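First up is the structure itself, then whatever we jot down about it.
Residue numbers (this note's numbering), protein chains in the order written: chain A, 25 to 392; chain B, 18 to 492.
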């Protein structure tokens with residue numbers, strides 16, 4: 025396995041002897057009361073793996089899987105000026121115990137190997153989306169709208185709305201990729217070889233297309249392609265990778281007439297903490313919306329699997345996250361809850377029954 | 018290196034699993050490592066050494082009184098030491114006991130607000146921050162804001178006799194607590210009714226406040242709550258020296274001005290803030306916060322201004338106080354120091370009557386300065402009769418090994434404790450004793466007081482199963 029590099033070792037050393045100011049922000053601790061979710065303890069475990077002070081076994085693997093990578097601990101990190109992100113340290117340690125991964129991940133991997141997607145029905149959704157692409161010859165290099173398997177499964181309407189928004193913004197030469205699974209779960213849960221293979225497969229397809237830029241509809245995929253592929257898989261894409269909000273921020277000049285103006289924005293941790301803050305708020309405000317509240321964690325594992333697939337934690341920390349979001353949304357006075365993350369949509373709708381919950385593209389495009 | 022397997026037999030683990038459920042018993046190496054430390058510097062050094070001699074043998078997470086009673090029965094039958102554990106925020110090695118069975122109380126997580134009585138009843142495992150969020154949403158506050166509130170639990174607040182930074186208005190744990198429930202070592206339940214003023218013999222809740230899990234297992238507490246303050250007002254000033262600052266805050270409290278928050282920094286600790294905000298060099302720095310009804314706040318702040326001026330204060334802009342408030346949970350400077358294996362830093366909270374406080378400050382500094390790179394002192398809890406002092410040291414052993422850091426810590430601790438006792442002070446104002454300060458408990462209490470404490474422990478816990486060694490009481 026890889027050795028712990030200097031950066032990871034520094035973060036682990038910092039976190040392992042911390043006073044745990046981030047703990048009250050952790051939804052897993054709140055939901056499950058499991059001490060193994062404490063970031064400081066996860067860092068301890070990783071350092072012990074590094075110095076071979078702890079047996080690598082199924083128990084260690086289970087403890088390491090308690091972190092759901094939501095990024096809430098970054099919000100609570102007492103190192104105010106430079107938050108230490110413990111999640112890469114956890115991922116590093118997960119690689120060490122990958123052979124003890126639970127059966128849920130094995131089944132997940134088998135589905136991806138067999139069909140190219142962990143979810144059913146994705147190829148049909150992709151075909152439908154392709155049929156909506158504008159026809160005709162274009163001289164300019166294409167823009168690749170990267171719609172991943174999670175988006176096709178959970179939010180196909182978001183993909184269509186995004187496509188229409190890009191066309192409205194004059195982006196007519198839009199193409200889609202066939203490699204819809206970017207390997208996020210493999211990265212998260214330490215299946216490094218599979219993750220690198222997924223990165224290379226997608227990079228190979230993009231090399232053939234040679235897009236001018238890539239717009240990744242799911243912010244988590246943008247994070248993978250832009251930040252994680254080069255750093256963790258040694259795969260650097262030629263074209264710049266943007267989130268949808270980043271791609272549209274200079275092209276949106278108004279909201280649909282019927283759109284509610286007061287918005288509560290839910291961004292993902294990978295946007296807010298790991299990719300410079302996210303452009304969602306700037307985009308919404310430029311379009312004329314009033315962002316009256318915002319949450320900046322969320323949306324990897326905790327919100328991603330409405331059916332409890334892969335690795336269920338009991339009690340389910342998603343319930344706590346939903347409760348927190350709903351409370352903040354209601355206190356904000358916003359009329360609509362808008363998320364940049366397609367993966368979070370089902371859970372957010374479950375959290376706020378009776379309240380309008382929309383993805384960013386559908387909100388900007390308007391219903392219908 | 019931690020031992021791969023627990024010393025508790027499979028038979029006994031099965032018995033514990035039958036009590037709390039299989040998923041709430043942990044005995045694997047990872048779990049035992051996780052519970053082997055709280056946030057004490059010596060525990061950090063042991064981790065850096067790879068020394069897990071203080072790790073527990075197993076952890077259980079009960080969810081009811083009945084489960085605790087069965088665990089106590091098991092412990093009494095087998096002689097297994099049982100250590101209550103909350104958020105893991107303790108800083109006195111209160112839970113560091115090798116071979117113990119940790120009883121983690123985080124599943125005691127219920128909260129009931131009684132707005133008529135202005136109380137909240139919270140399970141021992143509720144994290145302080147979560148309690149405060151629940152109360153704030155209903156327009157209340159508990160007013161208890163220790164620096165550990167993001168991880169400390171209600172049970173820990175009681176068991177360590179905790180205090181918060183705004184204690185001047187809201188009180189200390191013994192003031193805030195109006196009732197509790199605890200399980201005694203023999204399994205009987207102590208229920209102290211939530212009626213704070215009673216003349217029915219000694220107050221039994223006193224057996225649990227500061228008990229550090231040695232006299233009983235606190236399962237819930239009923240605490241006072243207060244309306245969210247209408248107004249908060251800050252005052253900030255400098256003094257030519259720390260003695261002048263001490264005199265000023267004594268006059269404040271003794272003339273019935275009661276700031277919610279007091280922070281008087283001696284010249285050494287004030288230096289960084291003085292530099293950052295361009296204040297006069299080599300001065301002591303004081304800031305105060307008043308909060309509550311607007312009229313009361315206005316009167317207190319105005320009267321405080323008069324008293325401080327009479328005592329030589331030079332008033333400053335409040336930016337420095339607001340800066341502290343913004344970063345009040347940031348202990349990263351101390352943590353960065355402790356990350357270096359050979360370095361060690363800590364804050365020791367001691368207290369003395371007003372007539373001894375300046376002596377305490379001088380002697381503690383004098384004791385630590387030969388051992389440390391820096392010594393900072395601030396005074397942050399004042400009473401009519403006494404004042405607490407936070408003595409913070411940063412010491413570097415030279416050899417960059419955790420062994421050297423650990424030894425240096427012991428020297429610093431010993432020097433401070435002896436200086437404190439010689440100056441008429443108390444060895445702990447609110448962090449508790451744990452195992453770190455246990456060597457000085459007899460001197461703290463005197464022969465009679467110490468013997469009484471030990472006899473109480475023997476009477477309550479004849480098998481010495483509850484946190485043996487905490488408070489310095491060995492079997």
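Glycine residues also receive a C-beta, built at the ideal position from the N, C-alpha and C atoms.
Source: prediction; values computed, not measured.
Check                                                                                                                                                                          : Outcome
Would a check of beta-carbon distances place residue 137 of chain B closer than 8 Å to chain A?                                                                                : no
Let me know if residue 53 of chain A comes out buried or exposed under the rule of 16 or more other beta-carbons within 10 Å of its beta-carbon.                               : buried
If you scan the segment 38-85 of chain B from start to end, which runs of the beta strand (DSSP E) of 3 or more residues do you find wholly inside it?                         : 75-77
For the alpha helix (DSSP H) containing residue 153 of chain B, name the first residue and the last one.                                                                       : 145-154
Runs of 4 residues minimum, wholly inside the segment 301-327 of chain B: which ones carry the alpha helix (DSSP H) assignment?                                                : 311-327
Please tell me whether residue 167 of chain B has its Cβ less than 8 Å away from any Cβ of chain A.                                                                            : yes
How many angstroms separate the CA atom of residue 331 of chain A from the CA atom of residue 408 of chain B?                                                                  : Caution is warranted here: a pLDDT of 43 is assigned to residue 331 of chain A, below 50, making its placement in the model unreliable, and the coordinate value is therefore given only provisionally. When rounded, the distance between both Cα atoms is 53 Å.
By Cβ distance below 8 Å, which residues in the same chain neighbour residue 66 of chain A in space, the five residues on each side in sequence not counted?                   : 39, 60, 87, 88, 90, 91, 110, 113, 114 and 117
Residue 54 of chain A versus chain B: which residues are under 9 Å apart at the beta carbon?                                                                                   : 126, 144 and 147
Over the uninterrupted beta strand (DSSP E) stretch that includes residue 239 of chain B, give me the two end residues.                                                        : 234-241
Using DSSP bridges, identify the partner residues of residue 314 of chain A.                                                                                                   : A:286
Check the C-beta distance from residue 204 of chain A over to residue 292 of chain A and give it rounded, since I have them as a contact under 8 Å.                            : At roughly 19 Å, the Cβ-Cβ gap does not stay under 8 Å, so residue 204 of chain A and residue 292 of chain A are not in contact.
If you follow the beta strand (DSSP E) that residue 411 of chain B is part of, which residue opens it and which one closes it?                                                 : 403-413
Quick one, are the C-beta atoms of residue 390 of chain A and residue 275 of chain A less than 8 Å apart?                                                                      : no
Strictly by DSSP, which residues pair up with residue 294 of chain B?                                                                                                          : Beta-bridge pairing links residue 294 of chain B to no other residue.
DSSP on residue 27 of chain B, reduced to helix/strand/coil?                                                                                                                   : helix
Looking at the unbroken beta strand (DSSP E) that takes in residue 375 of chain B, where does it start and where does it end?                                                  : First-last for residue 375 of chain B: 371-385, but that is the alpha helix (DSSP H), not the beta strand (DSSP E).
Enumerated in chain order, which unbroken segments of the beta strand (DSSP E) with a length of 3 residues or greater are wholly contained in the segment 225-273 of chain A?  : 237-240 and 265-267
Comparing the C-beta of residue 420 of chain B with each C-beta of chain A, is any distance below 8 Å?                                                                         : no
For the ligand NAD, any of its heavy atoms closer than 7 Å to the Cβ of residue 126 of chain B?                                                                                : Summarising the ligand content, the structure contains no ligands, and the ligand NAD is consequently not present.
Out of B:168, B:266, B:491 and B:164, state which residue places its alpha-carbon closest to the alpha-carbon of residue 348 of chain B.                                       : B:164
Residue 43 of chain A CB to nearest chain B CB: under 8 Å?                                                                                                                     : yes
How about residue 270 of chain B and residue 400 of chain B: do their beta carbons lie closer than 8 Å?                                                                        : yes
In the DSSP assignment, find the alpha helix (DSSP H) that holds residue 266 of chain B and state where it starts and stops.                                                   : 259-271
Interface residues of chain B around residue 37 of chain A at Cβ under 8 Å?                                                                                                    : 356
Closest to residue 234 of chain A by C-alpha separation, out of A:197, A:268, A:289 and A:369, would be which residue?                                                         : A:197
By Cβ distance, which residues of its chain are closer than 7 Å to residue 299 of chain B, with the 5 residues on each side in sequence left out?                              : 284
For the alpha helix (DSSP H) containing residue 355 of chain A, name the first residue and the last one.                                                                       : 341-356
Measure the beta-carbon distance from residue 418 of chain B to residue 359 of chain B and round it to whole angstroms, keeping in mind my assumption that it falls under 8 Å. : 6 Å
Give the residues of chain A in contact with residue 50 of chain B, contact being defined as C-beta atoms less than 9 Å apart.                                                 : 65, 68, 69, 72, 77 and 78
Does residue 109 of chain B come within less than 8 Å of chain A when only Cβ atoms are used?                                                                                  : no
Check this for me: beta carbons of residue 252 of chain B and residue 160 of chain B, under 8 Å apart or not?                                                                  : no
Within 8 Å (strictly less), CB to CB, does residue 47 of chain B reach chain A?                                                                                                : yes
Which residues, taken in chain order from the segment 348-372 of chain B, show a beta carbon closer than 9 Å to some beta carbon of chain A?                                   : 348, 349, 351, 352, 353, 355 and 356
What residue does the beta strand (DSSP E) around residue 44 of chain A start on, and which one ends it?                                                                       : It is not in any beta strand (DSSP E) - residue 44 of chain A carries neither H nor E in the DSSP assignment.
Could you tell me whether any Cβ in chain A is nearer than 8 Å to the Cβ of residue 18 of chain B?                                                                             : yes
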